[in-house]
Structure formats: structure tokens, C-alpha cells
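First comes the structure, then the notes that go with it.
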Amino acid sequence: MAARKTVDMLNRIYPLRKCKNLGKKECLYYHIKECLGYCTNKVDEIMVDNMKSEIVSFLNGNHKIVTDRIKEKMMLCSKTLQFEKAKEYKELLDYINITLEKQHVELHDYMNRDVVGYYHENGYLSIQLLFIRGGKLLDRNSMIFPMIDTLEEEITSYLMKFYDKHKIKPQEVLVPEFINCQLFSDIFGIKFINPKRGAKNNVVALANENAYIAYYEKMELIKRDEARSIDANDELANILNIENLSRIEIFDNSNLFGSFNVSGMVVFINGKPYKKEYRKFKIQNNKNDDYHTMEEVIYRRYFKVINEGLVKPELIIVDGGRLQVMAARRVLQSLNLDIEVCGLKKDKKHNTNVLVGGVNLEEIEIDKSSNLFHLLTRIQNEVHNFTINYHKQIRSKGALESVIDGIDGIGKTRKNMLLKKYKTIDKMKEASLDELSVILPKNVAGNLYEFLNDVGSDENE
0 MAARKTVDML NRIYPLRKCK NLGKKECLYY HIKECLGYCT NKVDEIMVDN
50 MKSEIVSFLN GNHKIVTDRI KEKMMLCSKT LQFEKAKEYK ELLDYINITL
100 EKQHVELHDY MNRDVVGYYH ENGYLSIQLL FIRGGKLLDR NSMIFPMIDT
150 LEEEITSYLM KFYDKHKIKP QEVLVPEFIN CQLFSDIFGI KFINPKRGAK
200 NNVVALANEN AYIAYYEKME LIKRDEARSI DANDELANIL NIENLSRIEI
250 FDNSNLFGSF NVSGMVVFIN GKPYKKEYRK FKIQNNKNDD YHTMEEVIYR
300 RYFKVINEGL VKPELIIVDG GRLQVMAARR VLQSLNLDIE VCGLKKDKKH
350 NTNVLVGGVN LEEIEIDKSS NLFHLLTRIQ NEVHNFTINY HKQIRSKGAL
400 ESVIDGIDGI GKTRKNMLLK KYKTIDKMKE ASLDELSVIL PKNVAGNLYE
450 FLNDVGSDEN E
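Residue numbers for the sequence shown follow numbering that gives the first Met the number 0, beginning at 0 and rising by one.
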């Protein structure tokens, strides 16, 4: 509770940008004074950089700069007779002090460090990261997942991904005895240590204890979720008359008005995602044609399965209705593969609606309160998000020039002018209609502006 209040407090004191995409008018955060209105106002970049530096400083253990700001605001409100506001700031100050007092760690050197703890049982691994800043336990990160490799491999892989992703790094990381500290230190430029005794070893023991507690707190929920997934998987097998349904491979396609066609494949085993075998496909067919796109990706995937002797699924699910299912079945038949195929259709609100399958490709209604419906929704969301993220990566690697090729009224000269001013799609999307009209005739600028807005709405689906 105290930590959450501290995060809320940072949002109130530092009105940084909250929205991923800039809108056309101020949002709620602006009106409650938690944003400077970056979408419509010119914001002082130096001031923004200073705010970010202060937040980073606070998270690294320097709390004085933030507490002094709160005291200033509290005194100002008191002098201007805004006693209710002054009381709110006093409560925020109390919450910070409570958080810092309760989370003091006895290491006495005030170094910024992370501590890694773990606990494993019954094929599941619980990892706990403690973030100590300025001698205070500021936050923690907890994760529980099924083990596929050895304990050493699982924790090494997890830490590699974690420190590659997070840009604010500590001065020191305390890790279990089997971690290769020299390797991690060389890669990330941080001091990794295997403490054997003393206060540091005690803090690692504390992290291990936290991992143990998290395991037993969350394991019951995980087991219940697994049971629901297995029940739903069995129900799907019964509906489609599949004797032993274990492995499902699911496909989705994504394109931008016929450009940058890609497909994604995710894998579920016994109702659970198996991320190690997710696959991405760049589609050679450059038309907005779901039927032929589905033919291409299914052929490429299962030609490889045959040639390399890979594990075949008992079921293939495609995102779409009769046409997509027919395309997949046609390709499988040409490869002499007997694998059941069904489709998932969405309603007008983009929610999972019906299952399309069986010999006659009938539309099978699914009870929206059932475990099966929730599993199918999860499957559809997983493959959609995986494919859309891949699509964004492809587009961000230089897709701008190809995107604007399709806009009427934009020839070589105007395209070069746009490319010179706006290096990426995101930067072009931030431009107003008036700004685009400086380079383009008003009607062409309007077409481009409308097109870019459509791109934004497609990304948010």
C-alpha cells in the first residue's frame, strides 16, 4: 500500500507523458495535472530531462530531492490556506517515510544492488529479485514458471533476458552460487557476486525465503488454472473428435493494406503456451489476400515439419472462417498430412465468437462462460499479439518509404521531402495536418493524415 502510494505520488509531482501515442486533444491526465499536455503544448525538453533525472535519482536511493519537493508544495498550500491539499501532501510524505523505514536492509554501505533468490519444486521455479537502493528495499520482482531446462540454465536465461531489457542497472548483483559471475559481469558491466557468508549472504537467504513464500502463495492459483486449461483442452478434443489432443499450432496473419505481410505461429501444449516453439514468417505474397497468405504459411511450416522430422500437432487453428480453414486443409492434403484444422471467427467487436470446424465446416457456438471459451480467447489473443508485435518490428525497420508509396499524389519528389523530414512512421504520425500541408497539397496531406490515423487504430486492436 505504501509503495503504491509512492508511485502515485511520483506521477503527481512529475507530470511526464503517459500516453504511447499523442492524441489530438488533452487527456484526463492533463486535466488532473499529471501531464503537461504533450499532445497540444510545446514542452520544455530540458525540464522533462530534469524530471526524469530526479525520478531516477529517487529510485536509486536519493530520496531527499523528492521529499524536499513535497515539503515545498505542502508549505505553499498551507500559506495559501489550501489546508486539504496540504494534508494530502503530508500523508504522501508519511507514506514515503513508512516505506523507507520498513524496507531498510542492514548492509551499511548504501550501495545500489539487486539480490536474486529462488525456490523450485514439482517442476516449477520461483524467482525473486529484490531491488535495494541507498540501503532501502525499494521494490521486488517475482516470477513463477514451469522448468524446461536445468535449474542453472533456467535462472541464467531469466537473468540474461532481465538485465538485457532493463536499462537502469545497479552497481552490484548478488546471485546464487552456481551462476557464472564473470560471464555476467563481462556482458553487462555490473559486478555480479556469489556471497558465501556474512550480511550479503543473509540478504540472498532473504530473497530465497521470499521466493519460497511466493511459490506457495501462487501455486494454488497456478494449479487451478492448469486444471481449467486441461479441462478446456479435453472439451475441444471432444467437440472436434480428436482422440488425443496434446499439441495445437495456431496461425494469424497481419498486413498494412497489402504491405509488409507477416504471419505468426504460437504453440499450446495441453492448454498451455509453449513459447520456445513460436515462429515468425515473412510472407512473399504481397497482396491483401488472406486465402493465399494462409496457403503460403501453412505450406512453408509443414513442408519443413516433413523434411526435418519435426513434431506434428494434432490440431491447427487459423484466425478466420471457412476460407482460411479451406486454404489450410487444401495445402495439408497436397502434403499428404492428416491434421485436423479449425478456425476462430470474431464478432464485430473483435471478440472471439464461434469455432469453425468439422467435416462440413459448421459454426460451433461456444458457451462464453465456459473454460473452453476462455482458452480459445487466450489462444486467439496470444497469436494476435505475437503477430502484431512482429509486424511492428518489420515496419519499424524501414517500412516508411514503402508505406507512403501507396498514397495517391505522392511521387518521388514529395516522397523524398517526407523522408528527409520524418525518418519513421511514428514521427510522421505525430505531425499535424497543417504540418503535412507544408510539404503536400492540402487534399494529399489529408489523405496521408487519414491513412496514418488508420494505421494507429489498427495497431491498437
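Note that CB positions come from ideal geometry on N, CA and C, so glycine has one too. Note that the coordinates shown come from a computational prediction; the quantities given were computed from them, not determined experimentally.
Here the alpha carbons of C34 and E44 stand approximately 14 Å from one another. DSSP, read as helix, strand or coil, puts C341 in strand.
In this model, K414 and K279 are separated by some 30 Å (Cα to Cα).
When the five nearest sequence neighbours on each side are left out, the beta carbons in the same chain lying within less than 6 Å of the beta carbon of V42 are those of L35, in order along the chain. Bounds of the beta strand (DSSP E) holding Y117 are 112-120. Across the structure, N384 and K199 are spaced so that their CA atoms are roughly 41 Å apart. In the displayed model, N442 falls within a helix according to three-state DSSP. When the beta-carbon positions are compared, N111 and E171 come within less than 9 Å of each other. Restricting attention to H119, V174, K164, K135, the CA atom closest to the CA of T149 is found in H119. Of all alpha-carbon atoms in V353, S333, G308, the one lying nearest the alpha-carbon of G320 is that of V353. Residue state for Y123 is assigned as strand, using DSSP reduced to three classes. Beyond the five residues adjoining it in sequence on each side, Y211 comes within less than 6 Å, by CB distance, of Y118 in the same chain, given in chain order. Annotation for F191: no alpha helix (DSSP H) segment contains it, though the beta strand (DSSP E) segment containing it runs 190-192.
If the five residues before and after C180 are omitted, its C-beta is found closer than 7 Å to the C-beta atoms of V174, F191, I192, N193, all from its own chain and listed in chain order. Each residue's CA atom was taken as its position, placing K164 and L182 some 17 Å apart. In the structure shown, S368 adopts coil according to DSSP, grouped into three states. The beta carbons of F450 and I406 sit closer together than 9 Å. The segment 219-230 and the segment 295-304 do not touch, with fewer than 3 CB-CB distances between them shorter than 8 Å. In the structure shown, D318 adopts extended strand secondary structure according to DSSP, grouped into three states. For T79, the secondary structure class from DSSP, reduced to helix, strand or coil, is coil. When rounded, the separation of the alpha-carbon atoms in H30 and L336 is 60 Å.
Segment contact: the segment 308-315 against the segment 239-250, three or more CB-CB distances shorter than 8 Å; contact assigned. The continuous alpha helix (DSSP H) containing L435 extends over residues 432-436.
Within its own chain, the residues whose Cβ lies closer than 6 Å to the Cβ of T386, once the five positions on either side in sequence are excluded, are D251, S253, G263, listed in chain order. I178 and L158 have their alpha carbons spaced roughly 10 Å apart. Within the model, the alpha-carbon separation for G188 versus A206 is close to 23 Å.
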